[in-house]
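At position 282 of the sequence shown the residue is numbered 300 (the working numbering), and the sequence of numbers has no breaks.
Everything below concerns the one structure shown next.
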Amino acid sequence: MTSARVPACPDGVAPRTAKGLATLAAEALARLRATTPLVQCVTNVVTTNLVANALLAVGASPAMADVPGESEELAGVAGALLVNLGTPAPDQRASIGGTVAAARGAGTPWVLDPVAVGVLSWRTRTALGLLAEAPAIVRGNASEVRALAGVAGGGRGVDARHGVDDARDAAAAVASTTGGVVAVSGLVDLVTDARSQVRLAVGHAWLARVTGAGCALGGLCAAFAAVAEPLDAAVAATGLFGLAAEDAARGAAGPASFQVALLDRLASFEPDELGARLATSALVDDVAAVRA
């Protein structure tokens with residue numbers, strides 16, 4: 019996939035280009051490494067280790083605190099917050115609302131990962147309520163994003179039943195609701211702020227065979243949101259994660275060695291390399307033109 023044709027954007031917003039987004043992604047990675055933002059994670063206990071290690075690999079500082087009281091304190095001083103609904107234990111249920119409120123009060127960008135929304139009732143109710151709290155980025159699979167937009171038909175647990183193109187309009191609708199960005203993971207990832215949509219042809223099939231790959235990507239979205247605007251952050255995180263997966267798979271024997279190689283590659287990726295490769299793997303379109 020090559021860089022973008024970009025029609026004029028509505029509402030007076032300057033058009034995005036693949037080259038411009040790639041440059042901003044490189045700058046964001048350099049800034050992340052230079053500043054080591056603290057990322058407070060209220061996240062899936064099944065995948066906490068991978069999320070923390072992915073954040074460390076890119077240069078962020080993870081804080082995996084979900085105890086009521088402590089969680090809110092950290093959200094107020096962190097560079098960004100991740101809220102992942104994968105395993106909503108009692109402490110997480112008790113702390114999510116206050117943690118998000120603390121982040122908003124401090125001006126801390128936060129990311130919502132709506133795991134299994136549309137399939138399980140508590141998560142669905144909670145995620146729909148959290149949309150009103152203006153997440154900077156919502157990151158999920160196509161079925162989860164469709165459920166957030168009120169489109170019938172959920173996934174199978176954490177697995178999507180729909181392709182990314184099936185969630186294109188739903189993603190734009192959710193982004194319009196939150197005023198932020200929606201990142202949809204799939205064979206070709208989609209990132210949209212309801213004005214522009216960015217397609218990223220990156221990644222590898224083994225990501226689907228590593229528990230917590232999507233959770234780790236949510237963490238990276240939060241890390242980049244600490245140092246960049248939401249659309250730029252989501253593109254940088256998605257692009258870096260997907261490209262690192264492609265490289266990791268080349269020398270791996272299977273999913274286990276792939277996971278180790280993925281962390282190594284996240285740590286070794288240079289900003290200039292990210293910019294150069296993203297410029298040729300992103301396609302940007304104006305949402306209104308795509309719908310026409």
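Beta carbons are placed, not taken as given, at the ideal position from N, Cα and C, and that holds for glycine.
Keep in mind the model is a prediction, meaning the values are calculated, not measured.
Residue j beta carbon less than 8 Å from that of residue i
i, j, result
"L100", "F242", "no"
"C239", "A251", "yes"
"V202", "G168", "no"
"G97", "L130", "no"
"A150", "V135", "no"
"G293", "T41", "yes"
"T4", "T195", "This structure leaves residue 4 out entirely; the chain is present only between 19 and 310."
"S79", "T117", "no"
"A285", "F276", "no"
"F259", "L235", "yes"
"D184", "R164", "yes"
"A246", "A46", "yes"
"A263", "L205", "no"
"R227", "P273", "yes"
"A154", "R122", "no"
"V253", "V209", "yes"
Integer Cβ distance of residue i from residue j, believed to fall under 8 Å
i, j, result
"A43", "G257", "6 Å"
"A75", "L281", "5 Å"
"L249", "D211", "5 Å"
"E91", "P132", "25 Å between Cβ atoms; not a contact."
"P106", "W128", "Contact doesn't hold; Cβ gap of about 16 Å is too wide."
"A120", "G94", "5 Å"
"A223", "S299", "That pair is no contact at about 17 Å."
"V192", "V156", "6 Å"
"V302", "V199", "Their Cβ separation, rounded to whole angstroms, is 13 Å, which puts V302 and V199 out of contact at 8 Å."
"T54", "M82", "Rounded, the Cβ-Cβ distance is 16 Å, inconsistent with contact."
"V137", "D109", "Actually they are not in contact, since the Cβ atoms of V137 and D109 sit about 23 Å apart, beyond 8 Å."
Beta-bridge pairing of residue i - partner residues as DSSP gives them
i, result
"C59", "L100"
"W128", "L99"
"R158", "The sequence as given places Gly at residue 158; Arg does not occur at that position. Paired residues: V202."
"A301", "Inspection of the sequence shows that residue 301 is occupied by Leu rather than by Ala. Note: L301 sits in a beta bridge opposite R217."
"A79", "According to the sequence as given, residue 79 is Ser; it is not Ala. In the DSSP output, where bridge partners are listed per residue, S79 has L56."
Limits of the unbroken beta strand (DSSP E) element including residue i
i, result
"A201", "V199 to S203"
"L208", "D207 to T210"
"R217", "S214 to L218"
Closer than 7 Å: residue i CB and nearest the ligand ADP heavy atom
i, result
"A75", "The ligand ADP is not part of this structure, which contains no ligands at all."
Alpha helix (DSSP H) segment containing residue i, residue limits
i, result
"L146", "S139 to L148"
"L225", "No alpha helix (DSSP H) holds L225; DSSP gives it neither H nor E."
"V278", "P273 to S286"
"P289", "P289 to L296"
"A266", "P248 to R268"
"V327", "With the chain represented from 19 up to 310, any question about residue 327 goes unanswered, as that position is not in the structure."
"G136", "Looking at the DSSP string, G136 is not in any alpha helix (DSSP H), and its letter there is neither H nor E."
"G87", "Per DSSP, G87 belongs to no alpha helix (DSSP H) and is neither H nor E."
"G168", "Element bounds for G168: n/a, residue is neither H nor E."
"G237", "A231 to A243"
Chain D within 8 Å of residue i, Cβ atoms only
i, result
"A274", "Absent here is chain D; the protein component of the structure consists of one chain."
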